[in-house]
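Counting in the working numbering, the sequence shown runs from 980 upward without gaps.
Cβ atoms here follow ideal geometry from the backbone N, Cα and C, with glycine treated the same way.
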Amino acid sequence: MICYQTWPLELSASEFTVGRWGICRLERSQDGGAFLTGPERERAESFRCRLRRAEWLGARAGLRRMLQEAGIAPRPSECNITKDRRGKPLVDIGGAGGAKRVDGSLAHKDGLAGFAAVWDPTVKIGIDLEAVSTKPWRCRRAFATRGDYLLDSESSDSYYCVLWCCKEAASKALGKGLLIDFRELVISESASGRFTVGGNGRDLMAGRYLLFDGMVAAVVMMSHAAGCGRRDRSVRTGRGGNRGEEV
């Protein structure tokens, strides 16, 4: 791996770590080494595009390496990654203590792979990667609302890219993918890189995002623990650096 970095995940600044997320990049000639299974290498051979192959392998290799370093998976071979009918990764950890499932999420873009996992059974996770471009700005009416708020100016090149990335990560945490109207998800950044996702009275979800080298990475956590979720009851007006009055 020519780059690999991970960060801890907490539902709030005062809480303990419930998981980790990270990014990595494989060279096109790499196969992920000991962090991949034989069937995965065989599957990778079916990709005609070498960049797409490196992304696919990198996401799985990065996830297994992270879980091993966190002490969740004793060995990479004991981490089985499958997908449900909607494409959400299912991560089963084997070993002497029996099988354990952790919630995982994978993403890739332009050769970069993103991965996230939570080992608290009450938490779901979603991750997304996007390249900064003008495409989200052109499509903004399809997903942005007047309630969305980021600290960055709406006129910046990255504003709508960050907004889209945060909402797609949230939809993955919800297990909806692109089947949800992104205008139902309201993003509110409270500190640099930290945000919540609410809307339609749903429980608030906690998120993080990073801007680096023309890319955006976002991860969102949703807690199912009784009493842990705060309902989004606010009504906001204004956008892009002007937080409207909260009622």
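Nearest to residue i (by Cα), restricted to the options the options
i	options	result
glycine 1090	Thr1175, Val1081, Ser1150 and Ala1033	Ala1033
alanine 1254	Phe1094, Pro1018, Pro1053 and Arg1031	Past the boundaries of the shown model lies residue 1254; the chain is included only from 980 to 1226, so the question cannot be answered.
cysteine 1003	Arg1044, Glu1019, Arg1027 and Arg1020	Arg1044
alanine 1040	Arg1031, Asp1082, Leu1005 and Ser1112	Leu1005
alanine 1200	Arg1173, Phe1191, Asp1192 and Leu1190	First, the residue type needs correcting, since residue 1200 is methionine and not alanine in the sequence shown. Ranking the options by Cα distance to methionine 1200, first place goes to Arg1173.
leucine 1129	Thr1016, Val1176 and Ala1121	Val1176
glycine 1180	Phe1191, Glu1163 and Leu1108	Glu1163
aspartate 1160	Glu1168, Lys1151 and Ser1167	Lys1151
leucine 1085	Ala1148, Ser1171 and Arg1187	Ala1148
serine 1202	Arg1119, Val1165, Met1184 and Ala1123	Met1184
glutamate 1057	Gly1154, Arg1022 and Thr1016	Thr1016
glycine 1193	Leu1108, Arg1119 and Gly1154	Leu1108
Check whether residue i and residue j have beta carbons under 8 Å apart
i	j	result
glycine 1066	glycine 1156	yes
valine 1198	isoleucine 1072	no
isoleucine 1060	leucine 1042	yes
valine 1102	valine 997	yes
Buried versus exposed, by CB contacts within 10 Å (16 or more), residue i
i	result
phenylalanine 1014	buried
cysteine 1145	buried
cysteine 982	exposed
serine 1167	buried
arginine 999	buried
alanine 1123	buried
alanine 1205	Summary for alanine 1205: the model assigns pLDDT 38, below 50, so the residue's position carries little reliability; its value from the coordinates is reported in the next sentence. So alanine 1205 counts as exposed.
Delimiting residues of the beta strand (DSSP E) encompassing residue i
i	result
glycine 998	998-1004
lysine 1062	1058-1062
valine 1097	1091-1097
Boundaries (first-last residue) of the alpha helix (DSSP H) holding residue i
i	result
arginine 1043	1029-1048
cysteine 982	Note, cysteine 982: premise wrong, no alpha helix (DSSP H); beta strand (DSSP E) at 982-988.
Whole-angstrom C-beta distance between residue j and residue i, which should lie under 8 Å
i	j	result
tryptophan 1143	proline 1100	Incorrect: roughly 29 Å between the Cβ atoms, too far for contact.
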